[in-house]
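Counting in this note's numbering, the sequence shown runs from 20 upward without gaps. Written out below as structure tokens is the structure these notes cover.
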Amino acid sequence: MKLTSRILVAAPLAAALTFGLAAVPATAAPAATSVAGVYTATVAVPKITSQPKSTTVVSGKTATFTVKASSSGLKYQWYVKSPGSTKWVKISGTAATKSSYSVKTTTKLNKAQYRVKVSNKRGSVTSSAATLAVVTTPKITSQPKDVSTPVGASTTLKVSTSGGSLSYKWQKYYSTGWKTISGATKSSFTTKATKGTNKYRVIVSNKAGKVTSRTTSVIGTKPKITTQPKNFEADTGTTVTFKVAASGSPLTYKWQRKLSDSDTWKTISGATSSTLKFTADSSLELSSYRVIVTNSVGSVTSSTVDLFVNSSVTDPIQDNQTFALWNWLGAVFDQYKEADPYDSERMDLWASIDLMNWSDEYLDPSYDIAILYQAANGQLFDSNGYFVEGNGIDSLGYMSPAEWATAAILANVPAGAEIGGVWVIYDASGDVVQYIAGF
20 MKLTSRILVA APLAAALTFG LAAVPATAAP AATSVAGVYT ATVAVPKITS QPKSTTVVSG
80 KTATFTVKAS SSGLKYQWYV KSPGSTKWVK ISGTAATKSS YSVKTTTKLN KAQYRVKVSN
140 KRGSVTSSAA TLAVVTTPKI TSQPKDVSTP VGASTTLKVS TSGGSLSYKW QKYYSTGWKT
200 ISGATKSSFT TKATKGTNKY RVIVSNKAGK VTSRTTSVIG TKPKITTQPK NFEADTGTTV
260 TFKVAASGSP LTYKWQRKLS DSDTWKTISG ATSSTLKFTA DSSLELSSYR VIVTNSVGSV
320 TSSTVDLFVN SSVTDPIQDN QTFALWNWLG AVFDQYKEAD PYDSERMDLW ASIDLMNWSD
380 EYLDPSYDIA ILYQAANGQL FDSNGYFVEG NGIDSLGYMS PAEWATAAIL ANVPAGAEIG
440 GVWVIYDASG DVVQYIAGF
């Protein structure tokens, strides 16, 4: 037999022809056959060479999905999974049996998914899913708001929108016009306030169009104190700490002090941070503190706070210095001593004490306060018992809130025992003790 065209013959087939056999053994799997010079290729299972792609389309326009596949005798069937559904549904009609499928969009189809099954007599293959995004003309539903905030503070501008598949482009206004801010491509934009007024806007767009927000202003203001300092109580010799928190960086701090017997604020040297620390001593009892916080726009002064120092025998309150007890403010002054007229070996120690009821109730100081004299060796003296007698505190009676009164106090001690001693003033209402320097 003479063939008239070039043919490809598998080894088993060649052997069969040589011996004049009419058929190939059943176990043979030829890649191709040739009869009377005609070549016939084996049909392959379909293979997708180009998957359908997700697309964004304006509502009312047509979306088209396309697949490419290799092999022969191919058939196509498109399927859809509706938004919110988990089930794939066969699309009816001849339009869904081609390599491309087109659908007129509505907003109800937003986020629908499409895929196609490609088949022939050897088998089938299913494409990956492509998502349909259906958009409408962008709308701004909530505009960015004007902001006044301390210089250096971070502030976030926000816009709320509708339309789908949106992109954002924030801009800032300069003397030469609007300029796009690099990287500001989300619905919110964070910036730090600077001195003066800065203007911003955002352009929102998608395939259906674009819209520009209103112009919003970010105004840099003077600092704002976010956490005020608080009153502090300390034993003499321990560390006092006052703190302030403020926004509006870069910030500078200037702490000031006013002593209890002064009306003048004085700047504390070196106190230039948000925290003030120092060691308590009795001279600072009832001193007041504040801090001035400044940035490039202006300054703000904190609230005034007080320091309560619990004095000691070795660091007592001095004459004429105001001190605090639990329910009372006090001051001891006009101290003097004289020989006991009835006993030459003893001394009478006299002093006056001013008291103010700083509670919000009527109080009798004789129920709260006891005053004694403590010698340098620690021995305690009073006058005829625990409370001061005669024209002392027990004669004052009930005092109204904020009322001041003065009483004379007396201690009778052995001559010489007064040297280096202190007055011990005890407020039983709060278990508070203050020591006042004596003779």
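Ideal Cβ placement from N, Cα and C applies to all residues, glycine included.
{"Item": "Only counting runs of 3 or more residues, tell me where the beta strand (DSSP E) segments fall wholly within the region 391-452, in order along the chain.", "Value": "423-433, 441-446"}
{"Item": "Between Ala82 and the rest of its own chain, which residues show a CB-CB distance below 6 Å, the 5 nearest in sequence each way excluded?", "Value": "Thr74, Val76, Val122, Thr124, Leu151"}
{"Item": "Going straight from the alpha carbon of Thr180 to that of Thr216, what length do you get?", "Value": "26 Å"}
{"Item": "Starting from the C-beta of Ser90, find all residues in its chain whose C-beta is less than 8 Å away, skip the five residues before and the five after it, and write them out in chain order.", "Value": "Val62, Ala63, Val64, Pro65, Lys66, Asn139, Arg141"}
{"Item": "I'd like the list of long-range same chain contacts for Leu295, defined as Cβ closer than 6 Å, with 5 residues on each side in sequence excluded.", "Value": "Phe261, Trp274"}
{"Item": "Taking only three categories from DSSP, how would you classify Val43?", "Value": "Unreliable placement is indicated for Val43, whose pLDDT of 38 sits below 50; no coordinate value is reported for it."}
{"Item": "Mapping the DSSP letters down to three states, classify Pro49 as helix, strand or coil.", "Value": "Confidence at Pro49 is low in this model, with a pLDDT of 42, below 50, so its placement is unreliable and the value that follows should be read with caution. It is coil, neither helix nor strand."}
{"Item": "Check each candidate in Asn329, Gly103, Ser302 and name the one with the smallest Cα separation from Asp338.", "Value": "Ser302"}
{"Item": "CA-CA distance, Gly411 and Ala426?", "Value": "5 Å"}
{"Item": "Runs of 3 residues minimum, wholly inside the region 72-106: which ones carry the beta strand (DSSP E) assignment?", "Value": "74-77, 81-85, 87-89, 94-100"}
{"Item": "How big is the Cα-Cα spacing for Asp362 and Gly435?", "Value": "14 Å"}
{"Item": "What is the DSSP secondary structure of Asp300, reduced to helix, strand or coil?", "Value": "coil"}
{"Item": "Spatial neighbours of Tyr192 within its chain, please: C-beta separation below 6 Å, excluding the five flanking residues on both sides.", "Value": "Lys218"}
{"Item": "Just curious, the beta strand (DSSP E) that Pro169 is in, first and last residue?", "Value": "166-169"}
{"Item": "Below 6 Å CB to CB, which residues in the same chain sit around Gln132 once its five sequence neighbours on both sides are set aside?", "Value": "Lys100, Ala148, Thr150"}
{"Item": "Looking only at DSSP bridge pairs, what is Leu151 linked to?", "Value": "Thr74"}
{"Item": "Below 8 Å, is the gap between the Cβ of Ser186 and the nearest heavy atom of the ligand MG?", "Value": "With respect to the ligand MG, the structure offers nothing, as it holds no ligand at all."}
{"Item": "In whole angstroms, what is the alpha-carbon distance linking Ser288 and Gly317?", "Value": "22 Å"}
{"Item": "Determine the contact status of Gln453 and Ser330, defining contact as a CB-CB distance below 9 Å.", "Value": "yes"}
{"Item": "If we count the other Cβ atoms within 10 Å of its Cβ and call it buried at 16 or more, is Gln340 buried or exposed?", "Value": "buried"}
{"Item": "Hey, would you say Ser194 sits closer than 9 Å to Val223, going by beta carbons?", "Value": "no"}
{"Item": "Can the beta-carbon of Ile444 be found less than 9 Å from the beta-carbon of Phe342?", "Value": "yes"}
{"Item": "Using CA atoms only, rank isn't needed, just tell me which of Thr204, Trp189, Ser206 is closest to Lys198.", "Value": "Trp189"}
{"Item": "Using a threshold of 9 Å, state whether the C-beta atoms of Asp383 and Gly349 are closer than that.", "Value": "no"}
{"Item": "Quick check: Val432 and Tyr381, are their CB atoms within less than 9 Å of each other?", "Value": "no"}
{"Item": "Report the three-state DSSP secondary structure of Ser143 (helix, strand or coil).", "Value": "strand"}
{"Item": "May I ask you to report which of helix, strand or coil DSSP gives Lys241?", "Value": "coil"}
{"Item": "Quick check on the DSSP output: the beta strand (DSSP E) that includes Tyr272 runs from which residue to which?", "Value": "271-277"}
{"Item": "Does Ala290 come within less than 9 Å of chain D when only Cβ atoms are used?", "Value": "No chain D is part of this structure, which consists of one protein chain only."}
{"Item": "Give me the DSSP bridge partner(s) of Gly112.", "Value": "Beta-bridge pairing links Gly112 to no other residue."}
{"Item": "May I ask which residues mark the beginning and end of the alpha helix (DSSP H) holding Tyr386?", "Value": "384-387"}
{"Item": "Between which two residues does the beta strand (DSSP E) carrying Asn250 extend?", "Value": "Unbroken run through Asn250: none, as it is neither H nor E."}
{"Item": "Determine the direct distance from the alpha carbon of Thr204 to that of Phe84, and round the result to whole angstroms.", "Value": "29 Å"}
{"Item": "Using the three-state DSSP reduction, which class does Lys211 fall into: helix, strand or coil?", "Value": "strand"}
{"Item": "If you reduce the DSSP assignment to three classes, tell me which class Thr126 lands in.", "Value": "helix"}
{"Item": "With a Cβ-Cβ cutoff of 9 Å, do Ser292 and Arg309 count as a contact?", "Value": "no"}
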